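Novice: Protein chains in written order, with my numbering: chain A, 85 to 456; chain B, 6 to 258.
Sharing a structure, written as structure tokens. Questions coming.
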Amino acid sequence: MNIKWIFKKMLLPIIFAIVAFFLVSHDQFLYEAPVGKITVAKMISSHEVSDDFQNKDRQVTQELSIKVLNAKGAEPGNLNLKNTTTLSQTTGQIYRVGQQVILKKISGNYQIVTLKRDALIVGLLVLFIGFVISFERFRASIFLFLSLVLNLLYFVIVIALNVEFNPPVILLFGLLSVIFAASSLLFVLGPTKQMLYTFITTVLTTALTFSIVLFVLKMTGNSGIHFEYLDYVTQNPSEFFFVGTMISVLGAIMDGTGDIVAGLFGMARQNKLNKINMVRKDYIKSGISIGQELIGTLTNVLFMIFMAETLPMTLLLLRNGNSWSYIATVGLNLGLLQTIISAIGIVLAVPITAVFTSFALTRSHQGKESSL
Amino acid sequence: MNALLILLILLIVLMLIVAKKDGLRNLIGLTFNFIAIFVLITLISWGFNAIAVLIVLSVIILAIAIFMSADESEVTLIAFKTSIIVVLSLLILALIIQHFGQFQGFATEDVDELENLSLNVGLNFSNVAIVVMVISMLGAVAESAMALAASLSEVVEQDENMSLDQFKNQREIISQQILGTAVNTLFFGVLGATVGLILWFVRLNYRLADIFNSKLLMAEVATMLLGMLGILFAIWLSGYFVQKSFEQKNTDR
């Protein structure tokens, strides 16, 4: 690893990211909403507070001077606001000089809606794109980004359809999952037989997993499941829980089926070269043994994501003197259910893919097809 | 009957039927990791420094996730080494992200849930935000490091006379495929997790400015991008280690 390599592969993406961060920090002219910059942040009061659970905290009040960067017409150029929060920053935040904020006029007074975070996100995005291009082949990188952008586009269209027409939610998002799978697999594998089998087994596994889960929930009348604690609900919570879980699990199932199909196709190719005739049972066995090794790590991927999300609420509930058994029903309930559903999906993917693909492979052997 | 319990039993039965001995090991690994998360939460709530707790527990969680999922010692060692280096370096990026993004705590959208709860609990939620980001990526980093080390070692095993150029070519192809699927897994994982929130924004007529700077949504996006960087580095680094050992074996011969 010489200096030139380090510069080209490591420093260049970082430099691009910093430039992007700097540029987007100056994009206020694009904003319809007023954007302000904190010029003075003075602590005007600070006193200790405690609650019923012997927690000690410090409540602070800041006096902020904010310069409006894109003031239009009658908007003032400068604002003075008070900001009160605790040192924990459970809600709200302590502002620093130089930070930019999004403002909104609410009943005659300007208020801070949120911190301006777009520069950070664009910077990170550029960092990721830069590193992918510097580590992978250019063509493959472009394919990956194109696939992600298209998926995002389908997602936006479906959200718009859902808000506009209120169609049956499970059906709409089920369709979206099928489109997601088809589109991403086309980009990763190309229009091959391998892609077709990965796609079919992914859809089959997802459909079977959710049929089983919905059946069990119907039989038990959702007992022990608290859909009422789902966050940000604007529609039927139980349906939305399944929609979210279905999309979340899709990637992991696709990952599993993709590896098994690829392994079996590779094996079939090798067997053809070496004139080995493997029977269906051998393929099924090999498929399952490839799958067995995937189950553990794939389950962990989603487990970590689901558990991490419940962390802040669990901590807050604990500090509010709640017992673990209460937290298990309120904070962790849906995260656990999601983990279990996704693990069932990943496990089911193994036999389904092994059996289905081996049928296809042995049939094409007999038919003497040469288009593997 | 409790539905959660029935589904859990169903999972255990399926896991044992499909993966037999491996299934049992996976279940034990998952249980251990569940306990590890429980310990992490408990220690943080007792007031220990969240970042210190995070570093220790991340190493433990990675060890469980990797060593409990396969027995090949060379592959697991490379995957473990890779994951530790990647996660610890990205922890620094997570600190930078939190400094600029201020993703701590709850937002106005959470106000219903916070009713009746004391908010001055004397806990550094800024550090909790970093913990959430890092824990989210642990699984993805371990998975891609494992997948690459395993497939690449397998290819080397099958062809004893492989040249270094052939090896590099294989490394590139396999890296690409694993990056593609792993990035998709994470992407769908996050899309699924944010469907509700995005619909909330749209239905309540949020301004675009509020959506693209929203604490909750941008925290998810930042976590996703951090995880994707983790996957990318894990694939590269574990490929580098496998190549090192491949070159070593070649000169030994």
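From the three backbone atoms N, C-alpha and C, an ideal C-beta is built for every residue, glycine too.
Here the structure is a predicted model, which means the values were calculated and not measured.
#1: Taking just the CA atoms, how far does leucine 157/B sit from serine 455/A?
#2: With three or more beta-carbon pairs closer than 8 Å as the criterion, would you say the region 176–185 of chain A touches the region 111–124 of chain A?
#3: According to the Cβ coordinates, are isoleucine 379/A and asparagine 31/B closer than 8 Å?
#4: Chain C partners of methionine 167/B, CB-CB under 8 Å?
#5: Please report the distance separating the alpha-carbon of glycine 244/B from that of phenylalanine 219/A.
#6: Apart from the five residues on each side of it in sequence, which residues of its chain come closer than 6 Å, Cβ to Cβ, to valine 297/A?
#7: Just checking my contact of leucine 334/A with threonine 290/A at CB under 8 Å: how many whole Å lie between their CB atoms?
#8: Could you give the residue range of the alpha helix (DSSP H) that holds histidine 131/A?
#9: With a CB to CB cut of under 8 Å and the five nearest residues on each side skipped, what residues in its chain are close to alanine 68/B?
#10: Assign threonine 113/B to one of two classes, buried (16 or more other C-beta atoms within 10 Å of its C-beta) or exposed (fewer than that).
#11: For the region 396–436 of chain A, list the alpha helix (DSSP H) runs that are entirely contained and at least 4 residues long, ordered along the chain.
#12: Any Cβ of chain B within less than 8 Å of the Cβ of isoleucine 90/A?
#13: Determine, using beta-carbon pairs with one atom in the region 51–63 of chain B and one in the region 124–134 of chain B, whether at least three such pairs fall under 8 Å.
#14: By Cβ distance, which residues of its chain are closer than 8 Å to leucine 208/A, with the 5 residues on each side in sequence left out?
#15: Within 8 Å of any Cβ in chain B, is that where the Cβ of glycine 192/A sits?
#16: Are the beta-carbon atoms belonging to threonine 383/A and isoleucine 430/A less than 8 Å from one another?
#17: Determine whether the Cβ of valine 272/A lies closer than 8 Å to any Cβ atom of chain B.
#18: I need the straight-line Cα distance from threonine 170/A to arginine 142/A, nearest angstrom please.
#19: Whole angstroms are fine: how far does the CA of leucine 314/A sit from the CA of glycine 371/A?
#20: Cα separation between glutamine 107/B and phenylalanine 257/A?
#21: Against chain B, does threonine 174/A count as a neighbour if the rule is that its beta carbon must be under 8 Å from one of theirs?
#22: Can you pull the chain A neighbours of phenylalanine 217/B, defined as C-beta to C-beta under 7 Å?
#23: Please report how far the alpha carbon of isoleucine 33/B lies from the alpha carbon of serine 373/A, in whole angstroms.
#24: Can you say whether alanine 158/A is buried or exposed, counting buried as having 16 or more other CB atoms within 10 angstroms of its CB?
#25: So, serine 94/B versus isoleucine 71/B, is the Cβ gap smaller than 8 Å?
#26: In chain order, what are the residue ranges of uninterrupted alpha helix (DSSP H) at least 4 long that sit wholly in the region 100–159 of chain B?
#27: Of all the CB atoms in chain A, is at least one closer than 8 Å to the CB of alanine 99/B?
#28: Taking the alpha carbon of valine 272/A as the reference point, which residue from Phe294/A, Leu232/A and Ile213/A has its own alpha carbon closest?
#29: Examine chain A for any beta-carbon lying closer than 8 Å to the beta-carbon of glutamine 107/B, and answer yes or no.
#30: Expressed to the nearest angstrom, what Euclidean distance is found between the alpha-carbon atoms of isoleucine 102/B and alanine 352/A?
#31: At least one CB of chain A closer than 8 Å to the CB of glutamine 248/B: is that the case?
#32: First and last residue of the alpha helix (DSSP H) that includes arginine 30/B?
#33: Could you work out which residue in Ile22/B, Ile17/B, Met20/B and Ala41/B is closest to methionine 391/A when comparing CA atoms only?
#34: Among Leu418/A, Thr423/A and Leu399/A, which residue has its Cα nearest to the Cα of valine 136/B?
#35: Under DSSP, the alpha helix (DSSP H) around arginine 353/A begins and ends at which residues?
#36: Use the C-beta contact count for arginine 201/A: other C-beta atoms within 10 angstroms, 16 or more gives buried, fewer gives exposed.
Specialist: Quick look at the numbers:
#1: Taking the first residue of the first sequence as 1, we reach residue 455/A at position 371. Taking the first residue of the second sequence as 1, we reach residue 157/B at position 152. For serine 455/A, the predicted structure reports a pLDDT of 45, less than 50, and the residue's modelled location is therefore unreliable. The matter cannot be settled from this model.
#2: yes
#3: Taking the first sequence and counting its residues from 1, the one referred to as residue 379/A is at position 295. Taking the second sequence and counting its residues from 1, the one referred to as residue 31/B is at position 26. Result yes, Cβ atoms of isoleucine 379/A and asparagine 31/B sit closer than 8 Å.
#4: The structure shown has no chain C; the protein chains it does contain are A and B.
#5: Looking up residue 244/B in the second sequence gives position 239. Looking up residue 219/A in the first sequence gives position 135. Roughly 11 Å between the two C-alpha positions.
#6: Taking the first residue of the first sequence as position 1, residue 297/A is located at position 213. Result list for valine 297/A: Ile425, in chain order.
#7: Within the first sequence, numbered from 1, the residue matching residue 334/A stands at position 250. Within the first sequence, numbered from 1, the residue matching residue 290/A stands at position 206. So it is a contact: roughly 6 Å between Cβ atoms.
#8: Position 47 of the first sequence, counting from 1, holds the residue named residue 131/A. Segment 119–134 is the beta strand (DSSP E) holding histidine 131/A; no alpha helix (DSSP H) there.
#9: For the purposes of this step, residue 68/B is identified with residue 63 of the second sequence, where counting begins at 1. The residues are Phe85.
#10: Here the question's residue 113/B lines up with position 108 in the second sequence. That one is exposed.
#11: 408–414
#12: In the first sequence, the residue the question calls residue 90/A occupies position 6. Cβ-Cβ to chain B under 8 Å: no for isoleucine 90/A.
#13: yes
#14: Within the first sequence, residue 208/A is the residue found at index 124, counting from 1. Excluding residues within five positions, the ones whose Cβ falls inside 8 Å are Ala101.
#15: Taking the first sequence and counting its residues from 1, the one referred to as residue 192/A is at position 108. So, not an interface residue.
#16: Within the first sequence, numbered from 1, the residue matching residue 383/A stands at position 299. Within the first sequence, numbered from 1, the residue matching residue 430/A stands at position 346. Taking 8 Å as the Cβ cut-off, threonine 383/A and isoleucine 430/A qualify as a contacting pair.
#17: Mapped onto the first sequence, residue 272/A falls at position 188. True, the Cβ-Cβ gap to chain B drops below 8 Å.
#18: By 1-based counting over the first sequence, the position of residue 170/A is 86. By 1-based counting over the first sequence, the position of residue 142/A is 58. Whole-angstrom Cα-Cα distance: 5 Å.
#19: Stepping through the first sequence from its first residue, residue 371/A is reached at position 287. Stepping through the first sequence from its first residue, residue 314/A is reached at position 230. If I take the Cα positions, the gap works out to 37 Å.
#20: Taking the first residue of the second sequence as position 1, residue 107/B is located at position 102. Taking the first residue of the first sequence as position 1, residue 257/A is located at position 173. Near 32 Å, if we compare the C-alpha coordinates of phenylalanine 257/A and glutamine 107/B.
#21: In the first sequence, residue 174/A corresponds to position 90, counting from 1. Yes, because at least one Cβ of chain B sits closer than 8 Å to the Cβ of threonine 174/A.
#22: As a first step, residue 217/B must be located in the second sequence, where it is residue number 212. Ordered by position in chain A, the residues that pass the 7 Å Cβ test against phenylalanine 217/B are Asp202.
#23: Walking along the second sequence from the start, residue 33/B turns up at place 28. Walking along the first sequence from the start, residue 373/A turns up at place 289. The alpha-carbon atoms of isoleucine 33/B and serine 373/A are separated by roughly 19 Å.
#24: Within the first sequence, residue 158/A is the residue found at index 74, counting from 1. Per the 10 Å Cβ criterion, exposed.
#25: Here residue 94/B refers to the residue found at position 89 when the second sequence is read from its first residue. Here residue 71/B refers to the residue found at position 66 when the second sequence is read from its first residue. Not closer than 8 Å, so no.
#26: 116–119
#27: Position 94 of the second sequence, counted from the start, is the residue given in the question as residue 99/B. It does not; no Cβ of chain A falls within 8 Å.
#28: Locating residue 272/A in the first sequence gives position 188, counting from the first residue. Of the candidates Phe294/A, Leu232/A and Ile213/A, the one whose C-alpha sits nearest the C-alpha of valine 272/A is Leu232/A.
#29: Position 102 of the second sequence holds residue 107/B. Yes, because at least one Cβ of chain A sits closer than 8 Å to the Cβ of glutamine 107/B.
#30: Numbered from 1 along the second sequence, position 97 holds the residue referred to as residue 102/B. Numbered from 1 along the first sequence, position 268 holds the residue referred to as residue 352/A. Cα-Cα distance, rounded: 47 Å.
#31: What you label residue 248/B is simply residue 243 of the second sequence in a count that begins at 1. Output row for glutamine 248/B: interface = no.
#32: Sequence index remark: in the second sequence, residue 30/B carries index 25 (1-based). It spans 8–50 - the alpha helix (DSSP H) in which arginine 30/B sits, taken as one unbroken run.
#33: Within the first sequence, the letter at position 307 stands for residue 391/A. Of the listed residues, the one whose Cα sits closest to methionine 391/A is Ala41/B.
#34: The residue given as residue 136/B occupies position 131 in the second sequence. Taking only the C-alpha atoms, the option nearest valine 136/B is Leu399/A.
#35: Working through the first sequence from its first residue, we reach residue 353/A at position 269. Residues 321–357.
#36: Here residue 201/A is taken as the residue at index 117 of the first sequence, counted from 1. Answer is buried; the Cβ neighbour count reaches 16.
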